[in-house]
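> Under the numbering used here, think of the first position of the sequence shown as 259, with each following residue one higher.
Glycine included, each C-beta is placed from N, C-alpha and C at the ideal position.
Pasting in a structure now, in structure tokens, and then I'll have a few things to ask.
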Amino acid sequence: MTEDHIEGPIGRYWQRLEDGRVQCDICPRECRLNEGQRGLCFVRARRGDAIVLTTYGRSSGFCIDPIEKKPLNHFLPGTPVLSFGTAGCNLTCKFCQNHDMSKARAMDALMDRAPPEAIAEAALRTGCRSVAYTYNDPVIFFEYALDVAEACRARGVKNVAVTAGWIKPAPRREFFAAMDATNIDLKAFTEDFYRRLCTARLSEVLETIEYVHAETDCWLELTTLLIPGHNDSEAEVTRLSEWVLDRLGPDVPLHFSAFHPDFRMLDLPRTPPETLIRAAGIARNLGIHHVYTGNIHHPPTDTTYCPCCGSPLIERDWYSLKAWALGQGGHCRQCGTAIAGIFDDRPGNWGAKRRPVKLAAFADAMARKTEGRPS
Ligand code: SF4
Numbered sequence: 259m260t261e262d263h264i265e266g267p268i269g270r271y272w273q274r275l276e277d278g279r280v281q282c283d284i285c286p287r288e289c290r291l292n293e294g295q296r297g298l299c300f301v302r303a304r305r306g307d308a309i310v311l312t313t314y315g316r317s318s319g320f321c322i323d324p325i326e327k328k329p330l331n332h333f334l335p336g337t338p339v340l341s342f343g344t345a346g347c348n349l350t351c352k353f354c355q356n357h358d359m360s361k362a363r364a365m366d367a368l369m370d371r372a373p374p375e376a377i378a379e380a381a382l383r384t385g386c387r388s389v390a391y392t393y394n395d396p397v398i399f400f401e402y403a404l405d406v407a408e409a410c411r412a413r414g415v416k417n418v419a420v421t422a423g424w425i426k427p428a429p430r431r432e433f434f435a436a437m438d439a440t441n442i443d444l445k446a447f448t449e450d451f452y453r454r455l456c457t458a459r460l461s462e463v464l465e466t467i468e469y470v471h472a473e474t475d476c477w478l479e480l481t482t483l484l485i486p487g488h489n490d491s492e493a494e495v496t497r498l499s500e501w502v503l504d505r506l507g508p509d510v511p512l513h514f515s516a517f518h519p520d521f522r523m524l525d526l527p528r529t530p531p532e533t534l535i536r537a538a539g540i541a542r543n544l545g546i547h548h549v550y551t552g553n554i555h556h557p558p559t560d561t562t563y564c565p566c567c568g569s570p571l572i573e574r575d576w577y578s579l580k581a582w583a584l585g586q587g588g589h590c591r592q593c594g595t596a597i598a599g600i601f602d603d604r605p606g607n608w609g610a611k612r613r614p615v616k617l618a619a620f621a622d623a624m625a626r627k628t629e630g631r632p633s
């Protein structure tokens with residue numbers, strides 16, 4: 259597609275090719291663009307001899323969610339997180355559970371003017387412990403996410419990325435250095451699945467997961483959406499779990515969540531709860547300490563247990579915390595074992611609420627401050 263009204267600040271990580279095209283080097287798709295073309299993600303585009311960011315500073319909306327909804331079960335449990343996304347995506351998942359945003363093409367999907375300082379200020383003033391880059395993949399709004407993350411860090415607000423992890427090594431270093439926690443989608447454990455259903459590559463996602471675990475201070479959890487007949491066999495769940503155990507050890511939490519028919523996969527049934535419970539059992543029996551189910555009501559697999567004595571430490575019902583038996587510094591009160599994760603001494607009390615936030619008020623207040631006008 260060629261357009262002549264592409265606008266936005268110049269992005270990073272691109273190069274001019276000898277054949278005259280400009281290559282985006284944010285994700286391994288390496289879109290090669292002629293003048294006026296957009297990349298597959300739709301939001302990075304060529305204008306002149308550069309890649310520009312057509313959605314910088316605008317968002318599809320803000321909501322305060324429980325951190326458990328990301329899902330992150332070992333990162334400041336019970337606390338509220340200001341969540342936002344933009345539009346577009348660098349993967350093409352046929353089962354996308356969020357396609358109204360990830361596949362948005364019209365920029366009118368981006369209602370909120372959202373400067374980085376205003377987002378950080380909104381998080382601070384609404385009592386959020388962190389900001390989540392979610393709803394669509396933050397890899398494609400890399401520069402915007404990093405600017406927001408810097409403004410958050412300056413205010414003591416933490417940063418959380420929800421991502422498919424399909425990003426090239428150089429931007430990856432910067433991106434995860436700015437994040438305090440991440441949930442990476444491990445969508446399946448075959449290249450065939452990634453190629454057919456997402457037009458991406460498993461090997462590069464696994465590289466990112468290993469990188470985050472081994473080379474950064476960013477807290478890591480993984481989610482696999484189990485889709486009936488596509489990635490839910492016992493053999494595949496076993497291979498995936500064995501890889502996690504072998505490459506990451508037993509302490510990286512693994513979430514198996516339920517698919518519902520959506521986007522271009524309307525012909526499949528929802529994932530039966532038994533499939534998720536069986537997958538969690540496989541991963542646990544192999545030795546992964548913290549395995550959870552998502553999108554179903556099953557408190558036993560919402561609960562965090564001590565990997566040493568088996569005591570229930572954090573009991574949950576959907577996104578609400580029901581019981582808390584963690585001692586100071588995240589230790590089991592029964593046997594003293596340290597539980598992997600980032601824990602306050604007390605749980606947060608946000609509960610399961612979801613509260614939309616209008617950013618305009620914060621953006622106006624920041625503009626007045628900048629211009630020296632009274633508020
Ligand atoms: S980030 Fe977007 S434009 Fe860049 S390579 Fe990936 S899909 Fe293409």
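Does DSSP classify TYR563 as helix, strand or coil?
Secondary structure at TYR563: strand, using DSSP grouped into helix, strand and coil.
> Ordered along the chain, which non-local residues of its own chain (more than five positions away) have a Cβ less than 6 Å from that of ALA619?
none
> Consider the Cβ of PHE517: report whether some Cβ of chain B lies at a distance smaller than 9 Å.
The structure shown contains no chain B; it is built from a single protein chain.
> Quick one: Cα of MET259 to Cα of ASP575, how far?
Confidence in MET259 is poor, its pLDDT being 47 and thus under 50, which makes the residue's placement too unreliable to answer from.
> Whole angstroms is fine: what's the gap from THR561's alpha carbon to ARG542's?
13 Å
> How about ALA596 and HIS589: are their beta carbons less than 9 Å apart?
yes
> Under a three-way DSSP split, which group does VAL221 fall into?
This structure cannot speak to residue 221, because the chain is shown only from 259 to 633.
> Closest to PHE320 by CA distance: which of GLU265, TYR271, ALA380, GLU288 is it?
ALA380
> Figure out for me which residue from VAL339, GLU492, ARG454 has the closest Cα to the Cα of ALA419.
The shortest C-alpha separation from ALA419 is found at VAL339.
> Should VAL659 be counted as a contact of the ligand SF4 given a C-beta to heavy atom distance under 8 Å?
This structure cannot speak to residue 659, because the chain is shown only from 259 to 633.
> THR474 by DSSP, collapsed to three states: which one?
coil
> Could you tell me which residues DSSP pairs with ALA538 in its beta bridges?
In the DSSP output, where bridge partners are listed per residue, ALA538 has none listed.
> Quick check on the DSSP output: the beta strand (DSSP E) that includes PHE614 runs from which residue to which?
What sits at residue 614 in the sequence shown is Pro, not Phe. Looking at the DSSP string, the run of the beta strand (DSSP E) that includes PRO614 is 613–615.
> Mind checking GLU492: buried by the 16 CB within 10 Å criterion, or exposed?
Under this definition GLU492 is an exposed residue.
> Rounded to the nearest angstrom, how far is the Cβ of THR481 from that of PRO329, given a contact under 8 Å?
Indeed, because the Cβ distance is near 6 Å, the residues count as touching under 8 Å.
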